[in-house]
Every structure is written in C-alpha cells, then in structure tokens.
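Heads up: the structure comes next, in structure tokens.
2 protein chains.
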Amino acid sequence: MNNKVLPQILKQAEELCRERGVRLTEQRKTVLELLCISDKPLSAYELLERMRGVVKNPVPPTVYRALDFLLEQGLVHKLESLHAYVGCTHPDHPHASQFLICDDCGEVAEVEDSSVAKSLKAAGKAVGFRTKRPVVELLGTCAQCVAKQDDTT
Amino acid sequence: MNNKVLPQILKQAEELCRERGVRLTEQRKTVLELLCISDKPLSAYELLERMRGVVKNPVPPTVYRALDFLLEQGLVHKLESLHAYVGCTHPDHPHASQFLICDDCGEVAEVEDSSVAKSLKAAGKAVGFRTKRPVVELLGTCAQCVAKQDDTT
DNA sequence: AACTATTATGTTATATTATTACAAATAACG
DNA sequence: CGTTATTTGTAATAATATAACATAATAGTT
Chain A
7 MNNKVLPQIL KQAEELCRER GVRLTEQRKT VLELLCISDK PLSAYELLER MRGVVKNPVP
67 PTVYRALDFL LEQGLVHKLE SLHAYVGCTH PDHPHASQFL ICDDCGEVAE VEDSSVAKSL
127 KAAGKAVGFR TKRPVVELLG TCAQCVAKQD DTT
Chain B
7 MNNKVLPQIL KQAEELCRER GVRLTEQRKT VLELLCISDK PLSAYELLER MRGVVKNPVP
67 PTVYRALDFL LEQGLVHKLE SLHAYVGCTH PDHPHASQFL ICDDCGEVAE VEDSSVAKSL
127 KAAGKAVGFR TKRPVVELLG TCAQCVAKQD DTT
C-alpha cells in the first residue's frame with residue numbers, strides 16, 4: 007500500500023471505529039499501520055517482529071487479537087492462501103473484494119469487480135446458499151511480471 | 007462424497023494417471039480413497055490418523071507428499087480457508103471450481119459455475135493478470151441449515 | 001469519586017499445520 | 001544387470017494459531 011495515504015487511512019479508521027462505538031487502541035492501530043506501510047502482505051509472525059520496539063512485549067495473542075478486531079471491522083483482510091494479512095484499501099464501505107496475488111513478485115492487488123460479486127451471489131443463490139464471507143484469491147502472475155517473463159523467453 | 011461412486015472415481019484416477027505417465031501408488035490411492043469416502047473435508051492430520059492401520063507407519067511427510075501429488079493431478083482440492091482437503095468430484099477435465107462451505111454443518115459443495123469462471127477471467131484480464139490457480143470459497147450457511155435456523159427463530 | 005460491568009491486555013503454555021534434510025528402497029529404462 | 005528417476009522412511013523442526021486464566025484499563029452508574 008502506498009504510504010502517502012497512510013494518515014488518511016488511519017484517520018478514516020478512527021472515524022469508523024468512533025461511529026461504531028468500538029475502540030481502536032494503540033496496539034490495534036499499530037498493527038493496522040504496519041500492514042498499511044508494508045508493500046507486501048505480512049504474516050502474523052512478521053507483524054510480531056515489527057511490533058517489537060513499538061509495543062512492549064508482543065506475543066502471538068497480541069497480534070492475533072489485534073488482527074481479529076481489524077478483520078471484524080473490515081480494516082484488514084486475510085489472504086487465506088498465503089496465511090498473511092493486508093490493510094484494506096477502501097474500508098469506508100462493506101465489500102467483498104477479490105485479490106490478485108502475484109507469486110513472482112509477491113504483489114497483491116485488491117479489486118472489487120461487480121461482475122464477479124454478482125456471479126458469485128447468483129451461484130450461491132442457485133443452491134440456496136447464504137454467503138457470509140467470500141474468499142476469492144487469484145494466484146498467478148501480475149502484468150509486470152508477465153512482461154518480464156516474456157522478455158527473457 | 008457419496009461412496010457409491012468411489013470405485014468409479016478410483017478407476018478414473020488410475021486411468022488418468024496411466025495416461026499421464028504418473029504413478030498412483032498405494033499410499034496415494036489410500037489418501038484419495040480416504041478423502042472420497044469422507045463426507046467432510048479432512049485435515050492432513052485427520053488423514054494421518056485414518057491412514058493408521060492401512061499404511062504401516064504414516065508420518066506428516068507421508069500425507070503431505072501424497073496430497074501434493076493428488077493436488078498436482080487435480081484429483082483432490084485444498085480448501086484454503088479450512089486447511090483441509092476434499093476429493094474432486096469430477097477429475098476428468100481441468101477446471102476451476104468454487105466451493106460452498108457451510109460453517110454450520112460442515113458440508114462442502116463443489117460447483118463449477120461458468121459465469122463465475124468467466125467473470126473472474128475477465129477481472130484478471132482487465133489488469134493483465136495471468137491466473138494460475140483461482141481460489142474461490144464461499145463461507146456461509148447451506149440451504150438445509152438456513153431452513154433449520156429459520157425454523158427455530 | 002467509588003462501584004460495577006465490560007472490554008482489552010498480559011502471560012504461559014500448547015495445539016495445529018506444514019516443511020526440511022538426508023537416508024533407504026523401489027521402479028523405470030537403457 | 002546397472003544406472004537413473006522417483007518414491008518412501010525417518011527424525012527433527014518450522015510456521016501458524018489458539019486456550020486458559022490472571023490482571024488492567026475503560027465506560028457507565030450511582
């Protein structure tokens with residue numbers, strides 16, 4: 007995530023939490039911040055490492071609790087196929103996004119394709135399934151890395 | 007998976023492996039079989055437990071190696087959000103399926119919705135992303151459990 | 001301010017999922 | 001056969017995640 011937008015993201019997060027009557031504590035804000043300034047998804051234990059020096063003595067529950075909160079509030083997303091977490095790029099509205107995960111460079115793009123959302127909804131409806139949380143992750147190669155590969159072959 | 011179709015699935019798997027020049031060994035067949043006769047997805051360690059008595063002294067690598075092979079051959083699928091594995095219901099052709107996962111009863115339905123596949127493909131193409139492996143898992147409540155819940159509320 | 005209930009954090013231990021590394025055995029192929 | 005590939009055996013450990021219970025901080029009420 008571009009860290010130019012970090013202050014804005016944090017401000018927005020604080021506002022959302024205030025509106026909802028939930029508490030964006032220091033620990034939670036730290037985790038959100040670390041995820042947002044990272045250009046890659048981070049695992050819980052990578053987050054743990056980066057919390058040292060910021061939070062006094064972080065241990066796994068410290069991280070997982072903060073993540074649980076942030077996930078609940080839709081401020082971060084979990085990438086199931088990577089066991090890693092990313093900051094949400096547009097937490098202002100509830101949404102079901104899709105993730106394009108490049109296994110070459112590690113970049114992750116969050117997209118919100120209405121046509122995908124619609125077809126998934128329809129597929130569920132067709133069999134009476136009530137979706138709570140869609141997990142849509144496309145693993146492959148991003149445009150940039152595709153170009154690089156085509157150069158060398 | 008309905009175990010009436012088990013012999014057919016195994017026969018098909020053997021045929022596919024023969025055609026492809028790969029070996030469906032006893033261990034691999036055992037894992038495939040265990041997944042197919044289970045009505046729920048199984049974790050690697052659940053598989054490990056069920057292998058005792060069938061295979062002499064199974065340890066984690068035993069299971070994970072068999073799973074790796076079966077995943078590569080498209081004979082089983084991994085449910086990333088559950089860390090669990092299921093037998094494929096139609097291994098005869100390559101496909102990108104979606105999984106409807108009921109978090110009430112644990113049932114998993116594998117569906118192959120062409121409209122979903124199409125929209126995902128389009129979403130990737132729009133940004134030049136080359137998808138190798140789509141992960142599409144809808145977590146929620148199946149029709150049967152929705153009905154049950156509506157009864158009691 | 002003091003009391004209480006709720007929420008958040010501290011702390012220790014452990015459960016669950018997955019991989020590494022190297023040796024031995026088996027199968028495929030000339 | 002002899003050689004190479006692949007598969008399996010074996011032991012240890014890495015990586016991810018949760019449980020359980022104690023303490024502390026906060027919010028709301030008197």
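Here the protein sequences come in this chain order: A and B. To convert a position in the first sequence, counted from 1, into the numbering used here, add 6. To convert a position in the second sequence, counted from 1, into the numbering used here, add 6. All C-beta atoms, glycine included, are put in the ideal place defined by N, C-alpha and C.
Which of the three DSSP states, helix, strand or coil, is assigned to F75/B?
Counted from its first residue, the second sequence places residue 75/B at position 69. F75/B: helix per DSSP, three-state reduction.
Which residues in chain A sit within 7 Å of L126/B, going by Cβ to Cβ distance?
Sequence index remark: in the second sequence, residue 126/B carries index 120 (1-based). Simply V122 and L144.
Could you list the residues in the segment 17-51 of chain A with a C-beta less than 8 Å from some C-beta on chain B, going in chain order?
Residues passing the 8 Å Cβ filter: none.
Residue from K84/A, H83/A and E32/A with nearest C-alpha to P64/A
As a first step, residue 64/A must be located in the first sequence, where it is residue number 58. For the residues K84/A, H83/A and E32/A, the minimum Cα distance to P64/A belongs to E32/A.
V141/B, buried or exposed, once every other Cβ within 10 Å from all chains shown has been counted against 16
Residue numbering aside, residue 141/B sits at position 135 when the second sequence is read from its first letter. Per the 10 Å Cβ criterion, buried.
Are L85/A and F105/A touching if we call contact CB-CB under 9 Å?
Position 79 of the first sequence, counting from 1, holds the residue named residue 85/A. Position 99 of the first sequence, counting from 1, holds the residue named residue 105/A. Yes.
Is there at least one Cβ from chain A nearer than 9 Å to G112/B's Cβ?
For this step, residue 112/B is matched to residue 106 along the second sequence. So, not an interface residue.
Using a Cβ-Cβ cut-off of 9 Å, state whether L106/B counts as contacting chain A.
In the second sequence, residue 106/B corresponds to position 100, counting from 1. Yes - at least one Cβ of chain A is within 9 Å of the one on L106/B.
Apart from the five residues on each side of it in sequence, which residues of its chain come closer than 6 Å, Cβ to Cβ, to G112/B?
Taking the first residue of the second sequence as 1, we reach residue 112/B at position 106. Non-local C-beta neighbours of G112/B in its own chain, meaning closer than 6 Å and more than five positions away in sequence, comprise K46, ordered along the chain.
What does the Cβ neighbour count give for A19/A, buried or exposed, with the cut at 16 atoms within 10 Å?
Indexing the first sequence from 1 puts residue 19/A at position 13. Flag for A19/A reads buried.
Apply the 10 Å Cβ neighbour rule to V122/A and answer buried if 16 or more other Cβ atoms are within range, or exposed otherwise.
Numbered from its first residue, the first sequence carries residue 122/A at position 116. Answer is buried; the Cβ neighbour count reaches 16.
C-beta atoms of L16/B and E39/B nearer than 9 Å
Within the second sequence, residue 16/B is the residue found at index 10, counting from 1. Within the second sequence, residue 39/B is the residue found at index 33, counting from 1. For L16/B and E39/B, yes; Cβs fall inside 9 Å.
Which residues, taken in chain order from the segment 71-99 of chain A, show a beta carbon closer than 8 Å to some beta carbon of chain B?
Taking 8 Å as the Cβ-Cβ cut-off against chain B, the residues of the segment 71-99 of chain A that qualify are E86 and S87.
Assuming F135/B and L126/A are in contact, meaning their beta carbons sit under 8 Å apart, how far apart are those beta carbons, in whole angstroms?
Along the second sequence, read from residue 1 onward, the residue named residue 135/B stands at position 129. Along the first sequence, read from residue 1 onward, the residue named residue 126/A stands at position 120. The Cβ separation is near 18 Å, so there is no contact.
Apart from the five residues just before and just after V117/A, which ones in its own chain have a Cβ nearer than 8 Å to its Cβ?
Here residue 117/A is taken as the residue at index 111 of the first sequence, counted from 1. Only residues of its own chain outside the window of five on either side were considered, and among them S103, Q104, F105 and L106 have a CB closer than 8 Å to the CB of V117/A, listed in chain order.
What's the gap between the Cα of A50/A and the Cα of A72/A?
Taking the first residue of the first sequence as position 1, residue 50/A is located at position 44. Taking the first residue of the first sequence as position 1, residue 72/A is located at position 66. Near 10 Å, if we compare the C-alpha coordinates of A72/A and A50/A.
Within the continuous alpha helix (DSSP H) that includes T35/B, where are the two ends?
Numbered from 1 along the second sequence, position 29 holds the residue referred to as residue 35/B. Correcting the residue type first, residue 35/B is Lys in the shown sequence and not Thr. Here the alpha helix (DSSP H) through K35/B covers E32 to I43.
Under three-state DSSP, which class holds G146/B?
Stepping through the second sequence from its first residue, residue 146/B is reached at position 140. Correct three-state label for G146/B: strand.
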